[in-house]
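Heads up: the structure comes next, in structure tokens.
In UniProt numbering, the protein residues as written are 1 to 398.
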């Protein structure tokens, strides 16, 4: 059983739409009356008891498997049990059936519409809408077992989310028009489906996450990665033709974790974090950014640059050199610009130029670990500068 819940404010318009279908049939509910006018008046009498609710209307669509043949009594029992379990046991509701959709094979697919008043009859309180879609899906999975119906995979367990009902109807309509010469070109795939198929194509062979981002960029897909300064990736989104989708909206296989589990994509923070940040810097430039350069950085990175650049300048001065290479880092000071390269990843993690007793970040990808390293270097330099320190031991771990 597939379920969908939408909210609204107009009982009359929704009932008019449902009854406008040629095959619409009223099956029952828990309200007196049989006409749209009677239902609307009764809905309004109760919904007006709440002065706070903006969307008292809940429109629930239920679509069983095409092969399921349910009697009116079975549908009413299913609807009542379903509403009780999602918290609408004290709500007004009416149920209609439609037979105006078909499968791709042309088989008629019966489905049902429940109009629910979210304001409860008993106390005038409103049924919460928070996470109701998940509550609904969990309930449907339970009732499929109880009523011995064909099971449907929950949306959160689906590797790939299907196109919406509206997108599917549009595709069928445009296909129909194209096949009969009423349209010059075949229908375009929904962007959501295009993104899924594009990612599937590139991940048919094992890839690292930076390589996947590069591949998608070549075909016009803009990838954004959310990450924290500890090197932990927190989210991914894909943009195409002005529209953007979170990975979870494409399906669980397209989230950061899903790409690794289902799509042959590998991620190693020590290897990939900095290249990913350079490919698609997800930091939002702060409104009070101190950088006038076109490549702006976050406020956190600005402050980190001040600290690291100052330590580096002191370190280079203590070693009487403009270029220093250690085990983990390589620093270069040339023409007033300071560059810092992280050697294990062979990536420039900071470039800054001196400007009026401060440092202007040109590039900054300084993580928590980098800051910890430079705090140790700063402490070592402080020890070297103490008068009693043996000047023959001037080594600083870099």
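We treat Cβ as the ideally placed atom computed from N, Cα and C, and that holds for glycine.
It should be emphasised that the depicted structure is a prediction, and the values quoted were computed from it without experimental measurement.
Rounded C-alpha distance that separates residue i from residue j
i	j	result
residue 17	residue 94	14 Å
residue 169	residue 251	20 Å
residue 317	residue 366	22 Å
residue 307	residue 364	12 Å
residue 312	residue 269	25 Å
residue 51	residue 7	17 Å
residue 249	residue 205	23 Å
residue 40	residue 11	6 Å
residue 349	residue 325	15 Å
residue 69	residue 148	12 Å
residue 36	residue 135	29 Å
residue 362	residue 84	59 Å
residue 384	residue 377	11 Å
residue 262	residue 360	42 Å
residue 335	residue 352	11 Å
residue 125	residue 42	16 Å
residue 184	residue 219	25 Å
residue 332	residue 254	40 Å
residue 329	residue 343	5 Å
residue 256	residue 382	42 Å
residue 280	residue 221	12 Å
residue 29	residue 71	15 Å
residue 227	residue 23	52 Å
residue 26	residue 267	54 Å
residue 116	residue 240	37 Å
residue 53	residue 369	49 Å
residue 88	residue 224	40 Å
Contact test: residue i Cβ vs the ligand SAH heavy atom, cutoff 7 Å
i	result
residue 112	Ligands in the displayed structure: none, and consequently the ligand SAH is not present.
Residues near residue i by beta carbon distance below 6 Å, same chain, minus five either side
i	result
residue 151	144
residue 186	178
residue 21	98, 100
residue 63	2, 111
residue 259	265
residue 337	353
residue 215	202
Close Cβ partners of residue i (< 7 Å) along its chain, the five nearest in sequence each way excluded
i	result
residue 245	192, 195, 237, 238
residue 139	82, 85, 86
residue 172	none
residue 48	none
residue 132	5, 86
Residue burial classification, residue i (beta-carbon count within 10 angstroms, cutoff 16)
i	result
residue 181	exposed
residue 130	exposed
residue 210	buried
residue 340	buried
residue 323	exposed
residue 247	buried
residue 374	buried
residue 142	exposed
residue 202	buried
residue 78	buried
residue 44	exposed
residue 372	exposed
residue 356	exposed
residue 123	exposed
Simplified DSSP assignment, three categories, for residue i
i	result
residue 75	helix
residue 277	helix
residue 10	coil
residue 220	coil
residue 65	coil
residue 133	helix
residue 108	strand
residue 20	helix
residue 211	helix
residue 175	helix
residue 35	coil
residue 30	coil
residue 200	helix
residue 87	coil
residue 124	coil
residue 243	strand
residue 147	coil
residue 25	strand
residue 255	coil
residue 15	helix
residue 262	helix
Close-in-space but distant-in-sequence residues of the same chain around residue i (CB under 8 Å, 5 per side omitted)
i	result
residue 397	326, 327, 376, 377, 380
residue 305	297, 350, 352, 359, 361, 364, 366
residue 146	81
residue 275	210, 345, 347
residue 75	27, 95, 97, 112
Any chain C beta carbon closer than 8 Å to residue i
i	result
residue 329	Protein chain content of the structure displayed is limited to a single chain, and chain C is not contained in it.
(request) Scan the stretch 312-397 and note each continuous beta strand (DSSP E) run of 3 residues or more that stays entirely inside, going in chain order. (result) Here the runs fully enclosed are 323-325, 329-334, 337-342, 347-355, 358-364.
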